[in-house]
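Undergrad: Handing you this structure, nothing more for now.
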Amino acid sequence: MQSSFSDLEYAAKKKLTRRDRFLGEIESITPWAALEAQIAPFYPKGDGRGRPPIGLNRMLRMYVAQQCFGLSDEGIEDALYDSQSIRRFVGIDLAREAAPDATTLLKFRHLLEQHALTRAIFETINAHLAERGLIMREGTIVDATFIAAPPSTKNKAKARDPEMRQAKKGNNWHFGMKAHIGVDSKSGLVHTVVGTPANISDVSQAHALVHGQEHVVFGDAGYQGADKRPENQNSTADWHIAMKRGKRKALGQDAMGTLRERFEQLKASIRAKVEHPFHVLKNLFKHRKTRYRGLAKNEAQLFSLFGLANLVLARKRLMPLYARGAS
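The opening residue of the sequence shown carries number 25 in the numbering used here; numbering runs sequentially from there.
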């Protein structure tokens, strides 16, 4: 196929931007064929009478770009016209065709939600990473973060999202939901995601964040007593939960107190890995607020976001494999 003038101009650029490099890495390390195989059975094939559906690969790439840059449906449509690097990633040549519109992406997103395909995306990416030895499953770190929801009632329903709740952390109140995650203690990659209203306690979800094969579980002080809860009685893992702040401050200055303080520091250094996926989610992908109404839709998006976050976190380890020709 003959290249358009804009493609040739883009290829002749002397400087690659950070967006160019980021999209190039995502392009290389994403298991596109495996993801398409999960979605294809549910994707419309067309009946030959009307306009044929847009190719699955193109819609999937548009969806991935949307999640990576924290854009709305309308925002990614505009980005396809504004950004040559995003057009190239999605595979759009405006000299020959129009970009898929926001409504088309909305229908694609609803398809993913309806058939639990964002969870399939997350699991497929993790299987891809496990095959390359990046998820060890020997230890798990559990944690949760607030995702704010719009508190405004200036909407069609004239009400806040009824499935979101308010909760207090420290001196601050948060309205929205929680993203609970289980993270591989070796690689720092997310293996489990659970979405709940913000008022659900962290410790009540600990059992849902372990996969049962780990030998050790780490958590902050919010998970105190997790190992004694009925739902965790069959767990064979050792639970290493952070000491509460007041109790830690009261440690003595003797040899035993010093040893226990060092042990708390060691546990904290291991738990620090759980902050990396949250950093990608909130700072790189700009997902600090829920985008949709209802818990199910927002939890579905979390599966996609954390799956892509795993690719971002693993990209430095994956790129050499692909440079050597690994499939």
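Note that beta-carbon positions come from the ideal geometry of N, C-alpha and C, so glycine has one too.
Check each candidate in Glu-121, Leu-141, Leu-118 and Pro-186 and name the one with the smallest Cα separation from Tyr-87.
TA: Leu-141
Undergrad: Per DSSP, what kind of secondary structure is Asn-196 in: helix, strand or coil?
TA: Strand.
Undergrad: List in chain order: all unbroken beta strand (DSSP E) runs of 3+ residues lying wholly within the stretch 218-244.
TA: 240-243
Undergrad: Which same chain residues, not among the five before or five after Val-336, have their C-beta less than 6 Å away from its C-beta?
TA: Val-304
Undergrad: Which class does Phe-170 belong to by DSSP, given the choice of helix, strand or coil?
TA: strand
Undergrad: Taking Cβ positions, are Asn-334 and Val-214 nearer each other than 8 Å?
TA: yes
Undergrad: Going by DSSP in three states, Asp-97 sits in which element: helix, strand or coil?
TA: helix
Undergrad: If we ignore side chains and look at the alpha-carbon of each, how far apart do Ala-154 and Ala-183 end up?
TA: 43 Å
Undergrad: Would you kindly work out how many angstroms separate the C-alpha atoms of Asp-167 and Gln-91, rounded to a whole number?
TA: Roughly 22 Å between the two C-alpha positions.
Undergrad: Counting C-beta neighbours from all protein chains within 10 Å, is the total for Arg-42 16 or more, i.e. buried, or is it exposed?
TA: exposed
Undergrad: When DSSP labels each residue in this structure, what does Gly-206 get in the three-state scheme?
TA: strand
Undergrad: Mind checking which residues open and close the beta strand (DSSP E) that includes Ile-265?
TA: Start and end: 262-265.
Undergrad: In the DSSP assignment, the alpha helix (DSSP H) including Thr-148 goes from what residue to what residue?
TA: 141-155
Undergrad: Please report the Cβ distance between Phe-309 and Leu-329, rounded to the nearest whole angstrom; I am assuming they are in contact, meaning their Cβ atoms lie under 8 Å.
TA: 6 Å
Undergrad: Alpha carbons only, please: which of Asn-150, Arg-85 and Leu-80 is nearest the one belonging to Leu-342?
TA: Asn-150
Undergrad: Are the stretch 171-191 and the stretch 268-278 touching, with three or more C-beta to C-beta distances below 8 Å?
TA: Per the Cβ contact rule, the stretch 171-191 is not in contact with the stretch 268-278 (fewer than 3 Cβ pairs under 8 Å).
Undergrad: Starting from Arg-42 and walking both ways along the alpha helix (DSSP H), at which residues does that stretch end?
TA: 42-53
Undergrad: Ile-145 and Asp-208 look like a contact to me (Cβ under 8 Å); what is the Cβ gap, rounded to whole Å?
TA: Actually they do not touch by this definition, with Cβ atoms about 18 Å apart.
Undergrad: Roughly how far, in whole angstroms, is the beta-carbon of Leu-233 from the beta-carbon of Thr-216, given that I think they are within contact range, below 8 Å?
TA: 5 Å
Undergrad: Measuring CB to CB, does His-235 end up less than 8 Å from Arg-161?
TA: yes
Undergrad: Roughly how many whole angstroms lie between the Cα atoms of Pro-254 and Asp-262?
TA: 16 Å
Undergrad: Does the stretch 45-55 come into contact with the stretch 98-115, if we say contact requires no fewer than three beta-carbon pairs (one atom in each stretch) closer than 8 Å?
TA: yes
Undergrad: With 16 other CB atoms within 10 Å as the buried threshold, where does Pro-301 fall?
TA: buried
Undergrad: Just verifying my parser: in three-state terms, what is the DSSP assignment at Gln-190?
TA: strand
Undergrad: Within 10 Å of its beta-carbon, does His-198 have 16 or more other beta-carbons around it, so buried, or fewer, so exposed?
TA: buried
Undergrad: With H, G and I counted as helix, E and B as strand and the rest as coil, what does DSSP make of Thr-128?
TA: helix
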